[in-house]
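Student: Before I ask anything, here is the structure I am working with.
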Amino acid sequence: MIPFVRGFDFACGQVDQVSPLIRRVIAGNPGPFTFTGTGTYIVGGDQPGQGVAVIDPGPLDAAHLDALLRAVDRQSVSHVLVTHTHRDHAPLARPFATATGAPILAAKPPARTTHASAALDEDDDETFAPDVVLEGGEIIAGDGWSLEAMATPGHASNHLAFVLREENALFSGDHVMGWSTTIVAPPDGDMTAYMDSLDAVIARRFKTLWPTHGAPVTEPKPFLAAYRAHRVAREAQIVRRLGRGATTIAAMVPDLYAGVDSTLWPAASLSVWAHLITLERRGEVRAAPTPAIDAEWRLA
Ligand SMILES: [Zn+2]
């Protein structure tokens with residue numbers, strides 16, 4: 011069982027000082043994929059004149075733009091950082107950057123459409139264009155803080171997390187969330203990359219994870235171990251279903267997700283597909299005619 015953290019004290023639009031160097035403002039876009047809404051982080055001191063970075067400005071929402079501009083009033087914003095190009099993270103970056111004069115730093119947006127299914131409202135902001143393209147490994151130094159860009163593909167091919175070195179903390183975007191597992195939806199989402207990125211985060215032994223949605227994860231070690239084990243168990247369940255003769259995702263999902271509301275099955279289908287693609291790459295499963303979502307799958 012994953013020790014989810016769902017209890018969460020906040021008011022939309024309010025600036026909360028959540029650590030010595032981190033403030034958070036939550037946007038008014040709650041939903042099945044955003045939990046209580048997008049949390050925008052402001053990194054740096056809170057005094058007038060101090061330089062700050064802002065991570066994931068969020069959805070195109072005038073009230074949230076106002077709240078962010080009020081929060082950094084009389085400060086200077088040196089960097090706008092975006093974890094990935096999904097619409098609940100990226101679209102407000104340009105209006106916020108224009109208002110503050112700060113450049114936008116992010117990984118290169120994916121070339122193809124993110125999701126195969128309209129069941130998800132986590133689609134790409136296709137207009138997003140960073141001013142500075144990051145690849146991971148860069149150090150972004152500011153006024154009393156420094157952030158390291160950490161490539162964490164999987165949920166999205168261009169997903170970056172940001173390490174706040176002064177607090178050994180990770181802004182984990184949608185890669186690791188405290189309230190839920192993350193969606194890995196092909197073709198842009200990739201389970202092989204996701205698991206590698208999870209291992210990379212585990213290896214760094216961060217003290218705190220700050221996801222874009224929901225509360226922080228304050229005990230990352232057991233949380234990440236359970237988060238990882240959940241995926242390994244799901245893969246094993248899929249292999250067992252194939253072993254018993256199931257050949258399609260449509261046949262497997264109602265059984266694998268019997269305890270889950272059927273409105274979430276389209277999203278679950280994408281996750282099963284992501285696992286099957288990984289199994290196919292490893293040579294454990296064959297897909298006919300191609301590894302598409304409606305393929306027939308058999309153990310190799
Ligand atoms: Zn996302």
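Residue numbering for the sequence shown follows the numbering used here, beginning at 11 and increasing consecutively.
Think of the CB as a built atom: it goes at the ideal place given N, C-alpha and C, for glycine as much as any other residue.
When you compare the region 204–223 with the region 161–180, are there three or more beta-carbon pairs, one atom per stretch, that lie closer than 8 Å?
Tutor: yes
Student: In whole angstroms, give me the CA-to-CA distance for A235 and R241.
Tutor: The C-alpha of A235 lies about 10 Å from the C-alpha of R241.
Student: Do M187 and H285 count as a contact pair if the criterion is CB distance below 7 Å?
Tutor: no
Student: Out of curiosity, what's the CA-to-CA distance linking V82 and Q57?
Tutor: 9 Å
Student: Could you compute how far the alpha carbon of W275 sits from the alpha carbon of V282?
Tutor: 10 Å
Student: Is D76 closer than 7 Å to T222 when the C-beta atoms are compared?
Tutor: no
Student: Alpha carbon to alpha carbon, how far is E294 from A121?
Tutor: Their Cα atoms are separated by approximately 29 Å.
Student: If I'm right that D71 touches L102 with Cβ under 8 Å, what's the distance once you round it to whole angstroms?
Tutor: 7 Å
Student: Could you tell me the distance, in whole angstroms, from the CA atom of R296 to the CA atom of A305?
Tutor: Distance between the alpha carbons of R296 and A305 is about 10 Å.
Student: Tell me the DSSP secondary structure of M205 in three-state form.
Tutor: Three-state result, M205: helix.
Student: In terms of alpha-carbon separation, which member of R308, R97, G23, G146 lies closest to E290?
Tutor: Here the closest residue by C-alpha is R308.
Student: In angstroms, rounded to a whole number, what distance separates the CA positions of V35 and A203?
Tutor: 30 Å
Student: Report all residues from its chain with a CB closer than 7 Å to the CB of A319; omit the five preceding and five following residues, and keep chain order.
Tutor: Residue 319 is absent from the model: the chain starts at 11 and stops at 310.
Student: Regarding D184 and ligand 1, is the C-beta to nearest heavy atom distance less than 6 Å?
Tutor: yes
Student: For F106, name the three-state secondary structure that DSSP assigns.
Tutor: Helix at F106.
Student: Suppose only complete runs of 4+ residues qualify. What are the alpha helix (DSSP H) ranges in the region 208–285, listed by chain order?
Tutor: 230–253, 259–266
Student: Going by DSSP, which residues form a beta bridge with G183?
Tutor: Listed as beta-bridge partners of G183 by DSSP are P221.
Student: With distances taken Cα to Cα, identify the nearest neighbour of D206 among P163, L157, G38, H99.
Tutor: P163
Student: As a quick exercise: from T218, I248, N168, pick the residue whose alpha carbon is nearest that of L115.
Tutor: The candidate whose alpha carbon is nearest that of L115 is N168.
Student: Look at L170 and L157 and say whether their C-beta atoms are less than 7 Å apart.
Tutor: no
Student: Is H96 a contact residue of ligand 1, with contact defined as CB to any heavy atom under 6 Å?
Tutor: yes
Student: Report back the beta-carbon spacing between A277 and I193 to the nearest angstrom; my notes put them in contact at under 8 Å.
Tutor: About 6 Å separates the CB atoms of A277 and I193; that is less than 8 Å, so the two are in contact.
Student: What three-state label does DSSP hand I287 in the structure shown?
Tutor: I287: helix per DSSP, three-state reduction.
Student: Please state whether DSSP places L79 in a helix, a strand or coil.
Tutor: helix
Student: Rounded to whole angstroms, what is the Cα-Cα separation between A100 and F138?
Tutor: In this structure, the alpha-carbon of A100 lies about 7 Å from that of F138.
Student: Going by the DSSP bridge assignment, what does I52 pair with across the sheet?
Tutor: R33, V64
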